[in-house]
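Asks:
Protein chains: 2
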Amino acid sequence: MATPLVAFQGERGSFSEEAAYKLLGRKIRVLPCETFTAIFESVTSGKANYCLVPIENTLAGAVYENFDLLQANNLHIVSEVSLRIVHNLIALPGTARKDVRQVYSHPVALAQCRRFFAQNPKIERITYYDTAGSVKMLAERRPPGAAAIASRIAAEVYDARILKTHLEDHRENYTRFFLLSKTARVSPKANKISIVFSTRNLPGALYKCLSVFALRDIDLTKLESRPLHGRPWEYFFYIDFVGNVKEKRCKRALAHLGEVTNFLRVLGCYESAKR
Amino acid sequence: MATPLVAFQGERGSFSEEAAYKLLGRKIRVLPCETFTAIFESVTSGKANYCLVPIENTLAGAVYENFDLLQANNLHIVSEVSLRIVHNLIALPGTARKDVRQVYSHPVALAQCRRFFAQNPKIERITYYDTAGSVKMLAERRPPGAAAIASRIAAEVYDARILKTHLEDHRENYTRFFLLSKTARVSPKANKISIVFSTRNLPGALYKCLSVFALRDIDLTKLESRPLHGRPWEYFFYIDFVGNVKEKRCKRALAHLGEVTNFLRVLGCYESAKR
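These protein sequences, in sequence, are chains A and B. My numbering puts the first residue of the first sequence at 1, with every later residue one more than the last. My numbering puts the first residue of the second sequence at 276, with every later residue one more than the last.
1. Rounding to the nearest angstrom, what Cα-Cα distance links Arg527/B and Asp515/B in this structure?
2. Taking only three categories from DSSP, how would you classify His531/B?
3. May I have the straight-line CA-CA distance separating Glu172/A from Val81/A, to the nearest angstrom?
4. Tell me, to the nearest whole angstrom, how far the beta carbon of Thr496/B is from that of Thr536/B; I am working on the premise that it is less than 8 angstroms.
5. How would you call Tyr158/A, buried or exposed, if buried means at least 16 neighbouring beta carbons within 10 angstroms?
6. Chain B beta carbons: is any one of them nearer than 8 angstroms to that of Glu224/A?
7. Verify whether the separation of the beta carbon atoms of Ala313/B and Ile365/B is less than 8 angstroms.
8. Between Asn363/B and Ser426/B, is the Cβ-Cβ spacing less than 8 angstroms?
9. Can you check which of these residues, Asn476/B, Val281/B, Phe538/B, is closest to Ile303/B by C-alpha distance?
10. Could you tell me which chain A residues have their CB closer than 9 angstroms to the CB of Glu447/B, listed as they occur along the chain?
11. Return helix, strand or coil for Tyr404/B, following the three-state DSSP convention.
12. Have a look at Lys136/A and Leu358/B and give me their C-alpha separation to the nearest angstrom.
13. Could you tell me the distance, in whole angstroms, from the CA atom of Cys51/A to the CA atom of Arg176/A?
14. Using alpha carbons as the reference points, say which of Ser181/A, Ser105/A, Ala205/A, Lys246/A lies closest to Gly46/A.
15. Are the region 482-502 of chain B and the region 387-404 of chain B touching by the rule of at least three beta carbon pairs closer than 8 angstroms?
16. For the region 178-212 of chain A, which residues have a CB atom closer than 9 angstroms to at least one CB atom of chain E, in sequence order?
17. What are the start and end residues of the alpha helix (DSSP H) that includes Asp169/A?
18. With H, G and I counted as helix, E and B as strand and the rest as coil, what does DSSP make of Asn244/A?
19. What residue does the beta strand (DSSP E) around Cys308/B start on, and which one ends it?
20. Tell me which residue opens and which closes the beta strand (DSSP E) that Leu24/A is part of.
21. Could you list which residues in chain A have their beta carbon closer than 7 angstroms to that of Gly336/B, in chain order?
22. Cα-Cα, which of Pro418/B, Asn341/B, Val517/B, Asn332/B is closest to Val361/B?
23. Near Ala429/B, which residues of its chain fall below 6 angstroms by C-beta distance, leaving aside the five closest residues on each side in sequence?
24. Counting along the chain, where does the alpha helix (DSSP H) carrying Ile39/A start and finish?
25. Cα-Cα, which of Arg417/B, Leu306/B, Ile424/B, Leu498/B is closest to Trp233/A?
26. Can you check whether the C-beta of Thr127/A is within less than 8 angstroms of a C-beta belonging to chain B?
27. For Ser151/A, which three-state DSSP category applies?
Encoded structure:
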């Protein structure tokens, strides 16, 4: 393949773009899209080679919309990356830290930097639709005394400067992303499998599903439930477990799971992200 | 107790208010609050007797913020109610259905009525912060040719009229609410228990937790996971199961669960909602 085109949600300089570089290096082309639906569509239509979707944050939890989109679309997880979310105070050249009167960012980012605002009570918080978008706005409109909170890539993309780093209150702030492709591919290093299933209407149904892993000493790393539309109070379960689809015990566990589920799909088998 | 005061999130006439009447009848006083945090606080401080919190919708899934607030606060689930979400087209007296040019509502309600807008392409959708709040706005500002999408209670509260009912695309649209109180209370009819726990760091930990129920033929009705702050990729699990805390097998299951968890709390034992 020539230089791959990778779609992500948000403006240029988003945390998704930072994650894409961490996973794939800097020799990629990027396609910023407005919505999560649009990034799935860009890969389905063949416009982009991959999309990178945030799936879970250690503070905010699962990105539920993307679980539903994994189910609604027929894309495959080919890789995973975990990015530490570092919030930076960013301003244009010429604005020093002492000049900052207003700080623009997405409300979630502002809420994750409470300590900074408590220590700087004269600085006004202004909510904006996007973290990287607030740096873009600084570059376009050049409001005096203004800064933004965003990723280090946003500073780079818009020729701005990082005045202070690590504004976030909690250091244990990570986001996991999946790299999705139209064609399934299992790397030789793949050691993690993601699946989605719905249980049969039996007593102890979920327990029976988990037993196919436990009885084979297969470790689960994640379980998420989402509503099944049209069947009130029934659920799809998303599970990540350690293994490779070519391993015998994983093949057997999946066959066994097929016996006790109504619906089962392997979403991908990929190399686990390093922390 | 005299007439109980029940706090809920949103403006007067919200679906939460409709659910409160369904559960407790019309002889209650209501306290509308701006945020979910505020309704928990109103009960903790003793200002309100109860709060009614939406916990799960059959289309949108769990209301994750309220799972986190159940964990962060020390309130008890004393009852449960399930409300069918019926979206109504509501206008002030004098506005006929043929006069309607704009429809105001919360973006989620607008998105759940796609078929109505497809059939009425000349009607403009205008997003507003709240369903009931959009009816309140009609009553206050009286914009010509305007209607709103909201609960039937909103029409009643603001002296407006229902022009058309069942605008929702999916009939299987229900929201479950919990009634929370400062003091635990187990009704004689209680047949459902809600708990939250975190697993010990063992292989097959979640499987072991579910086995305490499966081995005693206790049915689970719900499992939800939420991130554990400060411990990346570890989770709190929320489980609902059928039973009463006074039953021997439930007492034994909870004692057994205590052996295999780091943390365990019973959130309440209450009568299951009728569909």
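Every residue gets a Cβ at the ideal spot worked out from N, C-alpha and C, and that includes glycine.
Replies: Checking against the coordinates, here is how it stands:
1. If you number the second sequence from 1, residue 527/B lands on position 252. If you number the second sequence from 1, residue 515/B lands on position 240. Their Cα atoms are separated by approximately 16 angstroms.
2. Here residue 531/B corresponds to residue number 256 of the second sequence, with the count starting at 1. In this structure, His531/B counts as helix in the three-state DSSP scheme.
3. As a position in the first sequence, residue 172/A is number 172, starting the count at 1. As a position in the first sequence, residue 81/A is number 81, starting the count at 1. Approximately 16 angstroms, taken between the alpha carbons.
4. One-based indexing of the second sequence puts residue 496/B at position 221. One-based indexing of the second sequence puts residue 536/B at position 261. Wrong, their Cβ atoms sit about 19 angstroms apart, outside the cutoff.
5. Here residue 158/A refers to the residue found at position 158 of the first sequence. The residue is buried, with at least 16 neighbouring Cβ atoms inside 10 Å.
6. Along the first sequence, read from residue 1 onward, the residue named residue 224/A stands at position 224. Yes, its Cβ sits closer than 8 angstroms to a Cβ of chain B.
7. Residue mapping note: residue 313/B aligns to position 38 of the second sequence, counting from 1. Residue mapping note: residue 365/B aligns to position 90 of the second sequence, counting from 1. Result no, Cβ atoms of Ala313/B and Ile365/B do not sit closer than 8 angstroms.
8. For the purposes of this step, residue 363/B is taken as the residue at position 88 of the second sequence. For the purposes of this step, residue 426/B is taken as the residue at position 151 of the second sequence. Contact flag set, yes.
9. Numbered from its first residue, the second sequence carries residue 303/B at position 28. It is Val281/B whose Cα lies nearest to the Cα of Ile303/B.
10. Counting from 1 along the second sequence, the entry for residue 447/B is found at position 172. What Glu447/B touches in chain A: His229, Gly230, Arg231, Pro232.
11. Counting from 1 along the second sequence, the entry for residue 404/B is found at position 129. Taken through DSSP and simplified to helix, strand or coil, Tyr404/B comes out as coil.
12. Here residue 136/A refers to the residue found at position 136 of the first sequence. Here residue 358/B refers to the residue found at position 83 of the second sequence. Their backbone Cα atoms lie some 44 angstroms apart in a straight line.
13. Position 51 of the first sequence, counted from the first residue, corresponds to residue 51/A. Position 176 of the first sequence, counted from the first residue, corresponds to residue 176/A. Cys51/A and Arg176/A have their C-alpha atoms roughly 14 angstroms apart.
14. In the first sequence, counting from the first residue as 1, residue 46/A sits at position 46. Selected option, being the one with the closest Cα: Ser181/A.
15. Contact between the region 482-502 of chain B and the region 387-404 of chain B is not established, with fewer than three Cβ pairs separated by less than 8 angstroms.
16. No chain E appears in this structure, whose protein chains are A and B.
17. Indexing the first sequence from 1 puts residue 169/A at position 169. From DSSP, Asp169/A is part of no alpha helix (DSSP H); its letter is neither H nor E.
18. Within the first sequence, numbered from 1, the residue matching residue 244/A stands at position 244. In the structure shown, Asn244/A sits in coil (DSSP, three-state: anything other than H, G, I, E or B).
19. What you label residue 308/B is simply residue 33 of the second sequence in a count that begins at 1. Secondary structure note for Cys308/B: its beta strand (DSSP E) is the uninterrupted segment 304-308.
20. Within the first sequence, numbered from 1, the residue matching residue 24/A stands at position 24. No beta strand (DSSP E) contains Leu24/A, which is instead part of the alpha helix (DSSP H) from 15-24.
21. Along the second sequence, read from residue 1 onward, the residue named residue 336/B stands at position 61. Neighbours of Gly336/B on chain A, chain order: Tyr64, Arg226, Pro227.
22. The residue given as residue 361/B occupies position 86 in the second sequence. Out of Pro418/B, Asn341/B, Val517/B, Asn332/B, Asn332/B has the C-alpha closest to the C-alpha of Val361/B.
23. The residue labelled residue 429/B in the question sits at position 154 within the second sequence. So the qualifying residues of the chain are Gly288, Ala407, Val410.
24. By 1-based counting over the first sequence, the position of residue 39/A is 39. 36-44 is the span of the alpha helix (DSSP H), which, as asked, contains Ile39/A.
25. Position 233 of the first sequence, counted from the first residue, corresponds to residue 233/A. Nearest C-alpha to Trp233/A: Leu498/B.
26. Taking the first sequence and counting its residues from 1, one reaches residue 127/A at position 127. Output row for Thr127/A: interface = no.
27. Within the first sequence, the letter at position 151 stands for residue 151/A. The answer is coil: DSSP assigns Ser151/A none of H, G, I, E or B.
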